[in-house]
Amino acid sequence: MATNTNFLHELLEISSPQGQFPFDIDFRTLIAFAPNDSAVAWASQGYFITVVLNHSTDNTSQNCKRALFSKENLSRRRVIIVESNAAVLSIAFGYASLSSFIFLLGSARNEMKKNDQGSVLLLAAGMDDGSIRIYCPKTGSFLMQLLDHRSNVCDIKFSPSTASMRSTLLSCSRDSTLKLWDMDDQGNMFRTLEGHGKREIVTCCSWSFDGKYAASGGTDTMVSYWLLAFILIYISLIIVIKNKHNLILY
Numbered sequence: 001m002a003t004n005t006n007f008l009h010e011l012l013e014i015s016s017p018q019g020q021f022p023f024d025i026d027f028r029t030l031i032a033f034a035p036n037d038s039a040v041a042w043a044s045q046g047y048f049i050t051v052v053l054n055h056s057t058d059n060t061s062q063n064c065k066r067a068l069f070s071k072e073n074l075s076r077r078r079v080i081i082v083e084s085n086a087a088v089l090s091i092a093f094g095y096a097s098l099s100s101f102i103f104l105l106g107s108a109r110n111e112m113k114k115n116d117q118g119s120v121l122l123l124a125a126g127m128d129d130g131s132i133r134i135y136c137p138k139t140g141s142f143l144m145q146l147l148d149h150r151s152n153v154c155d156i157k158f159s160p161s162t163a164s165m166r167s168t169l170l171s172c173s174r175d176s177t178l179k180l181w182d183m184d185d186q187g188n189m190f191r192t193l194e195g196h197g198k199r200e201i202v203t204c205c206s207w208s209f210d211g212k213y214a215a216s217g218g219t220d221t222m223v224s225y226w227l228l229a230f231i232l233i234y235i236s237l238i239i240v241i242k243n244k245h246n247l248i249l250y
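Numbered per full-length UniProt numbering, the sequence shown spans residues 1 to 250.
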């Protein structure tokens, strides 16, 4: 299969026109696409994430991708450099309820509300200090930090947009656990999954297409298969009951 081996390097050169962040071929490069190809991000410098935005008004997937990688888009430097205070080990894009982040977005919230119709695009980064940092990819601003893992966050995945469920972030860590975060409830961590060995590293995780299942792999050479449908339904029911209770109180 023919591939353009220079493509990634060309994008990296565009992201650092003054050569501020030289590309180290020996460093692991992380790459993630936003839903509908509205942005692409990569981390190859340890503490920096580069985001290339698509400002096209045509939201169809094919045209969005063409605009994202067009010479016009790249030549205009529609690029955001996100700097973190810890080494980046994993990155992922996903959507969450705008109401959950409306106050954290600051001056950008009016634009988000106008363009994203009730949802906001987020960029999550798993760090070597055990934290998960959430950014607004359109501005590069830091929104919040999710804390519960005790060691490196090796992989993170947002629940698929095809699933009829609340926006949920799945993470796995060197601490041998996976965690579920409700991104429609300001990143509330609501479940820890334990199935790998206590001293094993969970290196990767992934959702099924419908969001009912997840899988994870680690240094124990075992692939774990998780049935999440009942967990997520239970959490949704708790939130509904809580909201009804609040309505009665107020």
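Glycine included, every Cβ here is placed at the ideal spot set by N, Cα and C.
In this structure Trp207 is in contact with Lys157, their Cβ atoms being roughly 6 Å apart against a cut-off of 8 Å. Between the beta-carbon of Met183 and that of Thr168 there is about 7 Å, and that keeps the pair under the 8 Å contact cut. Per DSSP, the beta bridge partners of Gly126 are Ser90, Ile132. Under the 10 Å beta carbon count, Asn152 is surrounded by 16 or more other beta carbons and is classified as buried. For the pair Ser99 and Asp37, the Cα-to-Cα distance works out to about 23 Å. Between Leu146 and Ser159, the gap from beta carbon to beta carbon reaches 8 Å or more. The secondary-structure analysis by DSSP pairs Glu200 with nothing; it has no beta-bridge partner. Taking the Cα of Ser224 as reference, the smallest distance to any Cα among Lys212, Glu194, Gly211 is reached at Glu194.
Nearest C-alpha to Phe209 among Asp220, Ala87, Leu228: Leu228. A Cβ-Cβ separation of about 19 Å leaves Thr192 out of contact with Lys212 under the 8 Å criterion.
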